[in-house]
Structure formats: structure tokens, C-alpha cells
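The sequence shown: position 165 = 226 (the numbering used here), numbered continuously.
For each residue, glycine too, the CB sits at the ideal point set by N, CA and C.
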Amino acid sequence: MATVVSVLADDFETLARLALRQAKLAELVELRMDRCGHPGVRRLADFFRACPKKAIVTVHGREAFGDFAGSADERLGLLHDAARAGAAFVDVDRGSSLELGEVEGRCSRIVSHHELGGTPNDLAALEEDVRQYCYENDLVKLVTHATCAEDGVRMLRHLRGAPGLIGFCSGEAGSFTRVLAPVFGSPFTYAAPMELPGEPLAPLTAPGQLRLNDLLAAWPPGGPGPGTAVFGVLGKPARHSWSPRLLGMALKAARLDALYLAFEADDVEAFLTLADDENFRGFSVTAPFKEPALKRVAHADEDSSRIGALNTLVREGAGWRGRNTDVAAIRDAVEHALTLHGRVDGRPTHLGDAKVLILGAGGAARAAVRGVRGSVRTTVAARRFERAETVANDLSVHAIPWDAIPAEEYDVLIHCTPAGSQADPGTLVILADWIRPGSLVLDAVYRPVRTPLLMAARERECTLVPGGEWFVRQAAAQFQHFTGQDADHALLRSTFHSLVEEDA
62 MATVVSVLAD DFETLARLAL RQAKLAELVE LRMDRCGHPG VRRLADFFRA
112 CPKKAIVTVH GREAFGDFAG SADERLGLLH DAARAGAAFV DVDRGSSLEL
162 GEVEGRCSRI VSHHELGGTP NDLAALEEDV RQYCYENDLV KLVTHATCAE
212 DGVRMLRHLR GAPGLIGFCS GEAGSFTRVL APVFGSPFTY AAPMELPGEP
262 LAPLTAPGQL RLNDLLAAWP PGGPGPGTAV FGVLGKPARH SWSPRLLGMA
312 LKAARLDALY LAFEADDVEA FLTLADDENF RGFSVTAPFK EPALKRVAHA
362 DEDSSRIGAL NTLVREGAGW RGRNTDVAAI RDAVEHALTL HGRVDGRPTH
412 LGDAKVLILG AGGAARAAVR GVRGSVRTTV AARRFERAET VANDLSVHAI
462 PWDAIPAEEY DVLIHCTPAG SQADPGTLVI LADWIRPGSL VLDAVYRPVR
512 TPLLMAARER ECTLVPGGEW FVRQAAAQFQ HFTGQDADHA LLRSTFHSLV
562 EEDA
């Protein structure tokens with residue numbers, strides 16, 4: 062497995078300087094010569110002698126997210142001269158492969174194809190087509206564009222059965238394939254230059270490309286291999302989640318051959334059907350998949366079965382086991398907060414003395430209802446009253462219309478909608494004067510930490526429970542389900558607080 066750092070610049074002097082700075086950080090360096098023109102064979106040879114790593118020379122046009130605007134002859138001439146000057150590889154598009162022909166010296170050819178329109182279902186047929194333009198010892202690189210995580214998993218499935226193929230997906234939705242390509246057999250994976258002191262930030266060379274430091278940070282301490290366990294957060298959206306940083310750090314601290322990524326799927330059932338490789342060991346499931354994912358599990362714990370929603374999937378043979386770590390996390394967070402909240406006379410100190418109002422009717426709200434069972438009264442409110450009624454009927458609690466919230470008496474308010482999150486920034490889920498003064502308010506939204514609801518609740522002299530309390534507790538339980546080891550709670554909390562500071 063080799064990591065390739067891909068560099069791009071408007072002139073060869075800048076390109077060479079950037080490549081030499083970055084080369085020490087990767088196994089190979091790719092000179093993207095789309096913009097800089099032909100510097101001459103001598104300057105190319107000088108660079109290859111000075112470069113501590115083998116180099117790939119590439120000249121991409123629009124067919125491969127490139128900028129080359131010269132003629133076909135100019136492109137082919139540059140590739141031939143690069144081979145003659147000492148490049149280890151030249152990358153040629155399949156459409157120009159046969160016209161390029163054999164290259165001189167010890168240089169090898171990479172015949173590449175970029176499918177900009179999407180990821181076909183039949184990747185084997187696409188690879189076979191590309192190989193028609195190859196000589197016997199050529200490497201083949203196949204890059205398809207991903208619009209959802211299902212596309213990326215299709216690419217990884219294909220890599221598993223295609224030894225020696227360089228493959229991954231372009232696009233933000235497929236960025237995880239660049240991390241996982243070596244796990245599934247790709248000999249190369251590509252990254253953008255990392256940020257270096259005193260250097261301007263170099264451009265990405267393709268959409269969805271990760272910077273080298275981010276790629277290396279995602280891998281386990283010993284680097285990725287065929288046995289690396291893959292965990293991730295599965296949702297839509299998912300890439301905003303802090304779970305990869307939080308649980309990724311926990312996996313590294315435990316020195317496990319495992320990594321944790323974000324998977325933004327369109328259809329959770331389709332995704333899980335595709336993610337049947339044994340390397341996929343578990344997922345943290347978030348909205349809107351907590352309820353539909355339950356249909357795909359062979360076994361579910363009591364909390365998941367009772368509320369009809371899960372937030373954790375763990376590999377069990379060829380299938381999945383479902384768990385819900387939200388329920389206990391919510392209960393622990395509320396009970397702990399009530400011990401402080403109840404120091405003021407007249408306020409409850411335990412859930413058994415409290416009335417609870419829950420905003421929302423999705424999987425998180427169902428978990429909250431289950432988590433506060435045993436309260437004096439639990440009520441659910443949702444903008445669509447019929448959804449609140451469904452939750453109430455399923456879980457034997459009460460439901461009220463949204464406009465009845467101001468008249469509802471409660472001691473604890475739990476917010477379980479996206480309002481105020483990065484998916485719906487700045488939105489206050491209810492009017493500020495609907496918040497009962499002196500109540501305890503838990504907001505499931507953890508990013509940002511200071512949500513509109515919590516800021517409004519502070520003005521009403523409420524006890525505030527940030528979503529991070531819920532988030533860290535459920536993540537610790539997920540880590541235990543994933544690995545069989547207890548999580549380092551102090552590490553999880555310190556990592557979370559570091560993320561808060563970065564996000565401020």
C-alpha cells in the first residue's frame with residue numbers, strides 16, 4: 062500500500078518546490094502538470110534526481126477534474142519526456158492510452174478512467190472496458206463519482222475482488238473510500254498536500270480529496286491493512302458529526318487495528334445490504350435511520366425493540382445486532398443533572414418526582430421517552446400531532462398538540478429535533494416564553510454547544526444540560542459494544558471539549 066500526495070501549481074518551479082516539501086510525508090508524489098506546461102526534459106530530470114520518493118506524472122483535462130488545455134500531442138509528448146527523464150509512473154487516460162504507446166526507461170504506465178457522472182452498478186464491466194486499453198504490465202486506476210455512501214461501498218466491494226486495481230470515489234460522499242481503499246486491496250490511495258508552516262495552503266486536485274494529515278489521522282496507529290476493523294456513523298447528514306473524531310481517538314488510544322468514519326447514505330437498507338464485508342464491524346446510527354435500521358437486525362436489545370429504534374449496529378456473523386445506547390445515556394444525564402437542579406427548594410431531585418416534556422417524535426425522542434420511564438408524567442409534543450400520538454400510543458405516555466406546549470406543566474424539557482443544529486442553524490424550536498422558568502432543559506443538539514434553546518433557557522433561569530452530556534455517554538457505551546472494552550470516559554470528555562474549542 063502506498064500513499065500518494067498529489068500536487069498542483071500554475072508553474073513548474075512552484076510545483077517542484079511543493080512536491081519536494083510534501084514528498085517526505087508520503088510514499089509517492091504525483092506531479093499534476095495540468096497547468097504548468099512543459100518545463101523541459103532537463104528540469105524534469107533534475108527534479109526526479111532531487112526527489113526522495115518515486116514520482117507519478119499526470120496531465121489531466123476536464124475528463125478527470127483537470128485543467129490541461131493543450132493539444133493531445135502536447136500532453137502525450139510531456140508524458141513521454143517525463144518517462145525519459147526518470148518518472149516512476151505516468152498516468153494516462155484510457156482514451157489516450159494506445160496513442161501514447163510504450164514509454165521509455167523504467168517508467169510504468171497507470172491507465173486511468175474517471176467516471177464523472179456517478180458510480181455504475183456494474184463496476185466489473187467498467188474495469189474490463191478500461192483494461193482493453195492496457196498493456197500487460199500496466200496498472201489500472203478507476204475513479205467514479207459518489208453521490209451517496211452506497212456508491213462508495215460499491216467501489217470497495219469491487220476492489221475486494223479486483224487485486225491490483227487502484228480504485229476510490231471522488232465527491233464528498235465518497236471521501237471515505239480514499240481512507241478505506243488500502244483496506245480493500247487498492248495498492249495506492251491519493252491525498253492532497255498537508256498544510257505546512259510558512260507555505261500557502263495547496264489546492265485539492267479532486268472533489269472529496271482529503272489532505273494527507275487528515276488521511277493519516279484517520280488510520281489506526283500501525284496503518285491500515287486487510288484486517289482493519291471499520292466502524293462509522295451512518296446517517297443523512299453524517300459528515301458534520303463529531304463521532305469520527307471522538308470514537309476515532311478512543312480506538313487509537315486503545316491501540317486497536319480499527320478506524321471510524323462518516324457514511325452519508327441515501328437508503329439505510331440498501332447501504333447495509335452492500336456493507337456485507339466482514340471488515341464493516343459496527344455503526345453508530347443517527348437520523349433519519351434509527352427506525353428503518355431496526356428492520357435489518359437479526360437480534361435487538363430490549364430498549365431498541367420496545368421503542369422501535371436503535372442507534373447502534375454491531376456485526377453478528379453475516380448480519381447485525383441492534384442496540385440502543387441513547388436510552389441509558391439520557392437517563393444518566395438527566396438523573397445526574399437533577400441532583401444539582403434539586404438543590405433549589407421545590408425542584409425535583411429524581412426522575413420519579415419529575416414531569417417531563419419531550420419535543421420531537423423521531424428515534425431520539427423515542428429513546429428519551431424510554432429513558433425517563435418512571436417519571437410522574439411523560440408527554441410528547443411534535444409539530445405533526447399524529448406523530449406525537451403514535452409515539453405516545455406505542456410507549457404508553459401522553460401526547461399534546463404543539464400549540465398546547467405553553468400550558469403544559471413540566472419540570473424537565475428534552476429537545477429531540479434538529480432545530481438549532483448545524484443542519485438547521487439558529488432555529489429556536491419553541492418560543493422563548495414557552496420555556497417554563499426554573500425547569501431543567503436538555504438539548505440533544507451538541508453542535509453547537511450553545512444552542513438557541515439553551516441560550517433562551519438560561520434567560521429563564523433554567524438548569525442547562527448540553528447535548529454533549531448525552532452524546533459522550535452514548536458514545537462510551539457504543540465503544541464497549543464495538544470493541545468489548547470499556548471506554549476511557551476521561552479521554553472522551555477531553556476530546557469532546559477540544560472539539561468544542563476548535564468549533565468556537
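Contact between the segment 74–84 and the segment 106–113 (3+ Cβ pairs under 8 Å): yes
So, residue 68 versus residue 87, is the Cβ gap smaller than 8 Å? no
Output the residue ranges of the beta strand (DSSP E) runs that lie fully inside the segment 415–441 and measure 3 residues or longer, sorted by chain position. 416–420
Take residue 435 as the anchor and find which of 564, 206, 411 has the nearest alpha-carbon. 411
Beta strand (DSSP E) containing residue 305: first to last residue? From DSSP, residue 305 is part of no beta strand (DSSP E) but of the alpha helix (DSSP H) over 304–314.
Would you check if there are 3 or more beta carbon pairs closer than 8 Å linking the segment 217–231 to the segment 346–364? no
Please state whether DSSP places residue 119 in a helix, a strand or coil. strand
Pick out whichever of 225, 96, 542 has its Cα sitting closest to the Cα of residue 132. 96
Measure the Cβ-Cβ separation of residue 333 and residue 300 and say whether it is below 8 Å. Contact: no.
Comparing alpha-carbon positions, which option in 471, 139, 491 lies nearest residue 500? 471
My output table needs one value for residue 93: the three-state DSSP class, helix, strand or coil. strand
With distance defined between alpha-carbon atoms, name the residue in 354, 320, 323, 94 nearest to residue 330. 354
Contact defined as beta carbons within less than 8 Å: I believe residue 452 pairs with residue 440. What is the distance between those atoms, to the nearest angstrom? The Cβ separation is near 10 Å, so there is no contact.
Three or more C-beta pairs below 8 Å linking the segment 306–322 and the segment 279–287: yes
Under a Cβ-count criterion, where at least 16 other Cβ atoms within 10 Å of its own Cβ denotes burial, should residue 502 be classed as buried or exposed? Burial is judged here by how many other beta carbons sit within 10 angstroms of a residue's own beta carbon; residue 502 has at least 16 and is buried.
Cβ shell of residue 233 (< 6 Å), same chain only, five flanking positions each side left out: 269
Compute the distance between the beta-carbons of residue 372 and residue 362, then report whether it is under 8 Å. no
Report the rounded CA-to-CA distance for residue 291 versus residue 384, giving the unit in angstroms. Each residue's alpha carbon lies about 18 Å from the other.
Select from 181, 140, 185 the residue whose C-alpha is nearest the C-alpha of residue 163. 140
Just the C-alpha distance for residue 507 and residue 553, rounded to the nearest angstrom, thanks. 14 Å
Below 8 Å, can you find three or more Cβ-Cβ pairs linking the segment 207–223 to the segment 251–263? no
Are the segment 472–479 and the segment 402–422 in contact at 8 Å, needing three or more beta carbon pairs? yes
With DSSP run on the structure shown, which of helix, strand or coil describes residue 522? coil
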